[in-house]
Structures are given as structure tokens and as C-alpha cells.
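Participant: I'd like to ask some things about the structure below.
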């Protein structure tokens, strides 16, 4: 379809664009911004006056629960939520069931995503077989099957020699290692941030230093091997400082933060609220503020949903027996726009962290509106107010502590390769 989108505020930090412009799309690609290509005839025109147009959102981490946990969600159900949220690319960690340590599992996920045809689903392969932390996975075969990187998800690789060999193997293949940096001995059997709230509730706490030690080890291994490493869902201020210093010294590292880490603190789970049970845990006010500063400075180049949908029962047991994770696809964009409204982030920094930042971490040519780029587009109304509730959560998982929150900014259109995959109903 040849489409013309008129009068939108186009925000594309990758090209330094923030202005009201018309956008022209044909053959699934951006054909022009601000100037109509010669001979262009639109089959459909959208009036986007008063709306904001950005590249399609790239969500660096979303557990879609398929295969293996379809009672929680499916690729089809979560793709619908993603499309409604302006997300055109999802990245799936390898801790599915079966684990993504063979090409067959990666291919199955790609096939299911293609069938749903609402968003792209990219895949990270396993760093070690069965995520056992001991035996290296067949990373070469996983790369051939389309895996963009390798990870051990939340499973620790306690043996430093194994981690060194894994980095060397990944590096020879040009694969990025996506690391959950945490000292397993300081985190084992613990649930929440090691602070005053944990003490008051009598819950075992994970100290900040668990993350610091994990980051320090991986940074030393990066220096040794030269392998590119992306640090996933950082949660502490000291870790941000370590990544800043490493980048300043030229190490090939990047990092992300989950949106809930930018909004919640340990105090939000003061009443044993299992909806705030996440891993790594939400931490102190100081950590939250330093994470926000890390995004502003570009040290944390990506904001992700860390989407983990659960059935209702998963959050109903006593806190230590509940499953960690928040359902975040439906609210990701609006929660980030809330930080813009609070002047914690500029709109440019927010869009970068949702689009070109995660695309760069994955090594894919997305998150941009450059002429000739794939026309993955999100158009939203920056002024529309709405309340996140069960009626408007499309994800199968409704486990979110943000339910009932008044949000600002709502998606009107999502285009995948120039094809509308979501259109908000007209009043």
C-alpha cells in the first residue's frame, strides 16, 4: 500500500528530526519525509494533525510464554498487545520450554510470529545447553537459525571459565552476549532489595553488591575477550557508574533498564504487593534516580518492558511463593511518556531508548525513519488520557502494579512494513 501520513510531529532522533512533516510510504518502506517523491500517488491518506509519529518501538525483552507456558500467554495474544502498544519488534529470551538451544525451537517461534503477522519476534539463543551454565550451546547453529544474540536468561553461569569460553565462542561468531549480571551466591534464595522494607517485612534481600560483582566480572571478561556484551535490566546506581566508565574506556558494552525500575521503588511492595515482585528487585529511591540519570546520559541506551505475563493464580500466593514479573506491553509507551511529562526525560531521549537504542543493541536496521528504511511506524496522540484497567489490557497477563493508573499518550496507528496492524477505533 502507498500511504501518506499528513501533518504529524515526526520525532526520529536517529536522523535528528523533530518537526511537523508529511511521511510517504510505499512497498513497505519509507519513501520520503517532508517532501513527496516524484510520481508518488497515495492509495490511502491519514490525517495525523496533532499526533506524534515515531519509528516502531523495539522491545528488547518480552517473554511470550510460547512454547511451553501457553496457559499464561501465546505469541498471538502478546503480538496483539504489542501492536496496540506501538511495538513492532519484540525480542524473546531463550528460557522458553523447550529452551532455545536448538535451531528447531528458534524456527518454531519465528513461524508462530509469522502466522500472527502483527509484530516481528526476534530470538536470543541459549548461551549454554539447557541453560545449565556448564556446557556451551551450539551457537553457530543458533545464529544460522536467526538468533541475534545469546543469553543464559536469568540462570547463572557461576563458573568464570565457562563464561570466558562462552564469550570467546560468541565473539568468534559476531554474536552479542546478553548478560544478567548477578552474583549467584549473594542472590540465591532471596527475593527483594536488601533494604529497610525487606527488614520490616522479614523477606530475604538481594544486596546491591550482588549486581555490582556480576557486572564487574563480565566487564573484566569483556576486556579479556573483546566480545560485545549487553547488560540486561540493570537495577542499581553503582552498575550504571560501572557501565559509564567501561564505555568511556572503549569497551564494547551497552545496557538497558526495565520501565518499572524507573518508576517503582522498594516502598511500592511495602504491603507484600506481589505485583511488584520482579527480578532483579525494585530498589531504593537513590537507585531509581540514578537509573533515570543513566537513561538521560545515554549510558542506559534502551528502556524495555521486561514483559512477563502470568495467570491470576501466579500472584495470589504468599509473597515468597509468587512468580516474579510484570505484564508491560500495553503500558510501555505511555509509562515512558509519563517520564517525559514529569521532565525526567526529553522526548528525544525517550524515543531513542525505545527505538534506535534497542535496535542497535540487537544489531538490526530498525528504529529509524531514514528514507529506504523498513516502514515500521507508531503514531500516537500525546495528549490523550486513559486509565490502564482489565478492560483495555490486551495481553493475556493482567499482572501489573500500574493497573488503575491514569496515563497520558495513546497509540492511534501501528504500521508494520507499511501495513496497518493496529488502528484505534474512531469515536
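Numbering (our numbering), first residue to last: 3 to 429. For every residue, glycine included, the Cβ atom is placed at its ideal position computed from N, Cα and C. These numbers were taken from a predicted model, which means no experiment stands behind them.
For residue 202 and residue 377, I'd like the C-alpha separation in whole angstroms.
Facilitator: Translated into positions along the chain shown, residue 202 becomes position 200. Translated into positions along the chain shown, residue 377 becomes position 375. Straight-line Cα distance between these residues: approximately 51 Å.
Participant: Please report the Cβ distance between residue 413 and residue 404, rounded to the nearest whole angstrom; I am assuming they are in contact, meaning their Cβ atoms lie under 8 Å.
Facilitator: Counting from 1 along the chain shown, the entry for residue 413 is found at position 411. Counting from 1 along the chain shown, the entry for residue 404 is found at position 402. With 8 Å as the limit, residue 413 and residue 404 do not qualify as a contact, their Cβ atoms being about 16 Å apart.
Participant: Grouping DSSP H, G and I as helix and E and B as strand, with all else coil, what is residue 6?
Facilitator: Against the chain shown, residue 6 aligns to sequence position 4. In the structure shown, residue 6 sits in a strand (DSSP, three-state: E or B).
Participant: Looking at the unbroken alpha helix (DSSP H) that takes in residue 127, where does it start and where does it end?
Facilitator: The residue given as residue 127 occupies position 125 in the chain shown. Premise fails: residue 127 lies in the beta strand (DSSP E), 122 to 128, not in any alpha helix (DSSP H).
Participant: Run the CB neighbour count on residue 190, radius 10 Å, all protein chains shown included, and call it buried at 16 or more, exposed below.
Facilitator: Numbered from its first residue, the chain shown carries residue 190 at position 188. Answer is exposed; the Cβ neighbour count stays below 16.
Participant: Please name the residue in 313, 299, 367 and 264 whose C-alpha comes closest to that of residue 282.
Facilitator: Here residue 282 refers to the residue found at position 280 of the chain shown. Selected option, being the one with the closest Cα: 264.
Participant: Taking the continuous beta strand (DSSP E) assigned at residue 425, which residues delimit it?
Facilitator: For the purposes of this step, residue 425 is identified with residue 423 of the chain shown, where counting begins at 1. Counting along the chain, the beta strand (DSSP E) containing residue 425 begins and ends at 421 to 425.
Participant: Applying the 10 Å Cβ sphere with the 16-neighbour rule, what's the burial state of residue 15?
Facilitator: In the chain shown, residue 15 corresponds to position 13, counting from 1. Result: buried.
Participant: Just to check my reading of the structure: residue 60 and residue 91 have Cβ atoms closer than 8 Å, yes? What is that Cβ distance to the nearest angstrom?
Facilitator: As a working mapping, residue 60 is identified with position 58 in the chain shown. As a working mapping, residue 91 is identified with position 89 in the chain shown. Confirmed, Cβ separation roughly 4 Å.
Participant: Report all residues from its chain with a CB closer than 8 Å to the CB of residue 390; omit the five preceding and five following residues, and keep chain order.
Facilitator: Along the chain shown, read from residue 1 onward, the residue named residue 390 stands at position 388. These residues qualify, in order along the chain: 332, 333, 336, 402, 404, 405, 406, 407 and 409.
Participant: Please state whether DSSP places residue 304 in a helix, a strand or coil.
Facilitator: As a working note, residue 304 is residue 302 in the chain shown. DSSP places residue 304 in strand when its eight states are reduced to three.
Participant: Counting Cβ pairs, one atom from each stretch, are 3 or more of them under 8 Å apart for the segment 138 to 146 and the segment 114 to 124?
Facilitator: With a cut-off of 8 Å, the segment 114 to 124 and the segment 138 to 146 do not count as touching, because too few Cβ pairs lie within range.
Participant: Can you tell me which of the three DSSP states residue 398 falls into?
Facilitator: The residue given as residue 398 occupies position 396 in the chain shown. Coil.
Participant: Could you pull out every residue in the same chain whose Cβ sits closer than 6 Å to the Cβ of residue 194, ignoring the five residues on either side in sequence?
Facilitator: Walking along the chain shown from the start, residue 194 turns up at place 192. Here the set comprises 200, 205, 207 and 283.
Participant: Look at the alpha carbon of residue 36 and the alpha carbon of residue 299, and state the distance between them as a whole number of angstroms.
Facilitator: In the chain shown, residue 36 corresponds to position 34, counting from 1. In the chain shown, residue 299 corresponds to position 297, counting from 1. Rounded to the nearest angstrom, the two C-alpha atoms are 30 Å apart.
Participant: Under the three-state reduction of DSSP, which class applies to residue 216: helix, strand or coil?
Facilitator: What you label residue 216 is simply residue 214 of the chain shown in a count that begins at 1. Of the three classes helix, strand and coil, the one that applies to residue 216 here is helix, per DSSP.
Participant: Taking just the CA atoms, how far does residue 418 sit from residue 371?
Facilitator: On the chain shown, residue 371 is found 369 positions in, with the first residue counted as 1. On the chain shown, residue 418 is found 416 positions in, with the first residue counted as 1. Straight-line Cα distance between these residues: approximately 13 Å.
Participant: By DSSP, does residue 238 sit in helix, in strand, or in coil?
Facilitator: Within the chain shown, residue 238 is the residue found at index 236, counting from 1. It is coil, neither helix nor strand.
Participant: Using only alpha-carbon positions, find the residue among 301, 185 and 269 that is nearest to residue 232.
Facilitator: Here residue 232 refers to the residue found at position 230 when the chain shown is read from its first residue. If we check each option's Cα against that of residue 232, 301 comes out closest.
Participant: Thinking C-alpha only, which one of 237, 77 and 185 is nearest residue 220?
Facilitator: For the purposes of this step, residue 220 is taken as the residue at position 218 of the chain shown. Closest by alpha carbon: 185.
Participant: In the DSSP output, what is residue 415 paired with across the bridge?
Facilitator: Looking up residue 415 in the chain shown gives position 413. According to DSSP, residue 415 bridges with 381 and 425.
Participant: What does DSSP give as the partner residues of residue 350 in its beta bridges?
Facilitator: Position 348 of the chain shown holds residue 350. None, per the DSSP bridge assignment.
Participant: Which whole-angstrom value describes the C-beta separation of residue 321 and residue 279, a residue pair presumed to lie in contact below a C-beta threshold of 8 Å?
Facilitator: For the purposes of this step, residue 321 is taken as residue 319 along the chain shown, with counting starting at 1. For the purposes of this step, residue 279 is taken as residue 277 along the chain shown, with counting starting at 1. Indeed they touch by this definition, with Cβ atoms about 6 Å apart.
Participant: I'd like to confirm the pairing. Which residues does DSSP put opposite residue 57 in its beta bridges?
Facilitator: Taking the first residue of the chain shown as 1, we reach residue 57 at position 55. For residue 57, which the question treats as bridged, DSSP gives the partners 379.
Participant: From residue 296 to residue 242, what does the alpha carbon distance come to, in whole angstroms?
Facilitator: Your numbering for residue 296 matches position 294 in the chain shown. Your numbering for residue 242 matches position 240 in the chain shown. Cα to Cα, residue 296 sits roughly 6 Å from residue 242.
Participant: To test your reading of the DSSP string, which unbroken beta strand (DSSP E) runs of 3 or more residues are found completely within the segment 65 to 151?
Facilitator: Listed in chain order, the complete beta strand (DSSP E) runs (minimum 3 residues) inside the segment 65 to 151 are 89 to 94 and 122 to 128.
Participant: Along the beta strand (DSSP E) that carries residue 24, what are the first and last residues, could you check?
Facilitator: Taking the chain shown and counting its residues from 1, the one referred to as residue 24 is at position 22. Its beta strand (DSSP E) spans residues 19 to 28.
Participant: Is the segment 42 to 52 close to the segment 71 to 87, with three or more CB pairs under 8 Å?
Facilitator: No, the segment 42 to 52 does not touch the segment 71 to 87.
Participant: Residue range of the alpha helix (DSSP H) that residue 287 falls in?
Facilitator: One-based indexing of the chain shown puts residue 287 at position 285. It spans 287 to 298 - the alpha helix (DSSP H) in which residue 287 sits, taken as one unbroken run.
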